[in-house]
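Below is one structure; the comments refer to it alone.
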Amino acid sequence: MQMGEHGLSPLDIRAVCGDSILIGRSVHDESGAERAAFERADFIIAGNVYPTRSKPGREGRGLDFIRRVAEAGGLPVIAIGGITPARVPEVIQAGAYGVAVISGILAAPDPSTAAQAYRLALDEAGARWNASETQREAGEA
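Heads up, the sequence shown is in full-length UniProt numbering, so the first residue is 1 and it goes up one at a time.
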């Protein structure tokens with residue numbers, strides 16, 4: 001389950017659903033990452049890293065933002081915003097476990113081919129996100 005930065009707290013969700021589901025929290029700064037960790041989120045989605053068509057007019061926060069958020073929250077970071085397959089390696093190197101993509105796939109002439117390009121880029125960059133392993137760990141907590 002993915003919650004916006006100002007949505008329900010992961011603590012409140014866990015009170016109803018228990019620890020058997022993954023809960024993510026969108027964050028836009030270091031304090032949001034710290035709050036997500038305190039509220040027992042399993043991961044954070046941090047962005048926007050680069051300018052993106054999904055959020056017109058917003059400047060990208062850059063790779064340093066990913067580094068700071070990863071350090072502040074201590075949780076797996078999924079980076080979002082303007083990430084192309086060519087940018088995946090630098091985003092992973094900055095500390096992201098993986099990437100989330102909207103326009104890069106949905107606005108592509110061939111979404112299937114675009115998704116495959118991201119998957120290949122993530123594999124080659126050594127992305128650490130494995131949802132099935134994280135799900136298993138969450139159930140054991």
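All C-beta atoms, glycine included, are put in the ideal place defined by N, C-alpha and C.
Taking only heavy atoms of the ligand ADP into account, decide whether any of them is closer than 7 Å to the Cβ of L120. Absent from the structure shown: the ligand ADP. Ligands present: none.
In whole angstroms, give me the CA-to-CA distance for A127 and I92. Here the C-alpha atom of A127 lies approximately 6 Å from the C-alpha atom of I92.
Go through its chain and collect everything with a Cβ distance to Y118's Cβ below 8 Å, but skip five positions before and after it. The answer, listed in chain order, is P85, V88, V99, V101, G104 and I105.
Is the region 107-115 close to the region 67-83, with three or more CB pairs under 8 Å? The region 107-115 vs the region 67-83: no contact.
Within 10 angstroms of its Cβ, does D42 collect 16 or more other Cβ (buried), or is it exposed? Flag for D42 reads buried.
Inter-residue spacing [alpha-carbon to alpha-carbon] between S54 and I83: Distance between the alpha carbons of S54 and I83: 11 Å.
Taking V69 as the reference, give the member of P56, I45, Y50 and T52 with the closest Cα. Nearest to V69 by alpha-carbon distance, out of P56, I45, Y50 and T52, is I45.
Between the Cα of V49 and those of E90, A108 and Q2, spot the shortest distance and give me the residue it belongs to. V49 has its Cα closest to that of E90, out of E90, A108 and Q2.
If I measure Cβ to Cβ from E140 and keep anything under 6 Å in the same chain, skipping five residues before and after, which residues do I get? A caution first: E140 carries a pLDDT of 46, below 50, which makes its placement in the model too unreliable to give a value.
Out of G60, G24 and A15, state which residue places its alpha-carbon closest to the alpha-carbon of H6. For the residues G60, G24 and A15, the minimum Cα distance to H6 belongs to G24.
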